[in-house]
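What follows is a set of notes on a single structure, which appears directly below.
There are 2 protein chains.
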Amino acid sequence: AAPAGPMYGMVGKMTAKPGMRDALAAILVEGTAAMPGCLSYVVANDASDADLLWITEVWESKAAHAGSLALPAVRAAIAKGRPMIAAMETVAETAPVGGAGLR
Amino acid sequence: AAPAGPMYGMVGKMTAKPGMRDALAAILVEGTAAMPGCLSYVVANDASDADLLWITEVWESKAAHAGSLALPAVRAAIAKGRPMIAAMETVAETAPVGGAGLR
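For the record, the sequence lines run as chains A and C.
Going by the numbering used here, the first residue of the first sequence is number 994, and it counts up by one from there.
Going by the numbering used here, the first residue of the second sequence is number 994, and it counts up by one from there.
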């Protein structure tokens, strides 16, 4: 069913400390597997920068995204992953229009 | 089933000519609805720039992405949308690791 209000999305960059990208990516993928209201959450290696991860997200609403930050699995992933993170940047906040692969 | 080789992804920006973003987004969403090997294709409005679209894609392989450019629906969308596009930029090419919402 189409979500009621506008969807909420983000494009973010996360720089891992050297040699830690794969471990960080695995933590993110695992911790974000079952988040209510999450229509898409993709963790991707940058093709040229060996330390860089791209995280692109689509949520049913901004509130659904905010709510996820309180989930035990997400909090655990953040705590576990934080020591591996050198830098984080929200590149864009978005209002997704549609597309393929949105649950 | 997990794809055989590495997945392929892109993060792109598309600036619409003034007042044309919604029409352009609709064309992109429609033209990209059924692309073989496409695991995720999200068209999203930038939250602050009224002319800017973010397009984030995940494909089973780089070849699957390349193949999509020959699809009639995609070619039609590109032709239809091109007059509405002021600028396009590939922000990143990626190798997606995983996440939620990937078909």
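Note that beta-carbon positions come from the ideal geometry of N, C-alpha and C, so glycine has one too.
Establish whether the CB of residue i and some CB of chain D are separated by less than 9 Å.
i: Val-1067 of chain A; result: Note that chain D does not occur in the displayed structure, where the protein chains are A and C.
With a threshold of 6 Å on Cβ separation, who are the neighbours of residue i within its own chain once the five nearest residues in sequence on each side are excluded?
i: Ala-1080 of chain C; result: Thr-1008
i: Ala-1037 of chain A; result: Trp-1047
i: Leu-1045 of chain A; result: Thr-1008 and Asp-1039
Give me the Cα-Cα distance between residue i and residue j, rounded to the nearest whole angstrom.
i: Ile-1078 of chain A; j: Pro-1065 of chain C; result: 43 Å
i: Ala-1088 of chain C; j: Gly-1002 of chain C; result: 6 Å
i: Trp-1052 of chain C; j: Val-1090 of chain A; result: 19 Å
i: Leu-1062 of chain C; j: Met-1000 of chain A; result: 28 Å
i: Pro-1011 of chain A; j: Met-1013 of chain C; result: 43 Å
i: Asp-1015 of chain A; j: Gly-1094 of chain C; result: 20 Å
i: Lys-1073 of chain A; j: Ala-1018 of chain A; result: 11 Å
i: Cys-1034 of chain A; j: Gly-998 of chain C; result: The sequence as given places Tyr at residue 1034 of chain A; Cys does not occur at that position. In a straight line, the C-alpha of Tyr-1034 of chain A is about 20 Å away from that of Gly-998 of chain C.
i: Gly-1092 of chain C; j: Thr-1083 of chain C; result: 21 Å
i: Ile-1020 of chain C; j: Arg-1075 of chain C; result: 10 Å
i: Asp-1042 of chain C; j: Ala-1043 of chain A; result: 30 Å
If we count the other Cβ atoms within 10 Å of its Cβ and call it buried at 16 or more, is residue i buried or exposed?
i: Ala-977 of chain C; result: Because residue 977 of chain C is not part of the residues shown, which for chain C are 994 to 1096, the question remains open.
i: Glu-1050 of chain A; result: buried
i: Glu-1086 of chain C; result: buried
i: Asp-1039 of chain A; result: buried
Here's a check: name, in chain order, each residue in its chain whose Cβ is nearer than 8 Å to the Cβ of residue i, leaving out the five neighbours to either side.
i: Val-1067 of chain A; result: Gly-1024, Thr-1025, Met-1028 and Ser-1061
i: Ile-1005 of chain C; result: What sits at residue 1005 of chain C in the sequence shown is Gly, not Ile. Here the set comprises Trp-1047, Ile-1048, Thr-1049, Glu-1050, Met-1081, Glu-1082, Thr-1083 and Val-1084.
Among the residues of its own chain, which have a CB less than 7 Å from the CB of residue i, if the five just before and after it don't count?
i: Val-1022 of chain A; result: Val-1036
message = Would you call the segment 1018-1038 of chain A in contact with the segment 1056-1073 of chain A, where contact means no fewer than 3 C-beta pairs closer than 8 Å?
response = Yes, the segment 1018-1038 of chain A touches the segment 1056-1073 of chain A.
request  = Within the segment 1070-1094 of chain A, note down every full beta strand (DSSP E) run reaching 3 residues or more, in order along the chain.
outcome  = Runs of the beta strand (DSSP E) inside the segment 1070-1094 of chain A: 1078-1093.
request  = Write down every uninterrupted run of the beta strand (DSSP E) in the segment 1027-1058 of chain C whose length is 3 residues or greater and which is fully enclosed by it, in chain order.
outcome  = 1031-1039 and 1045-1052
Length-filtered (4 minimum) alpha helix (DSSP H) runs lying within the segment 1000-1028 of chain A = 1014-1024
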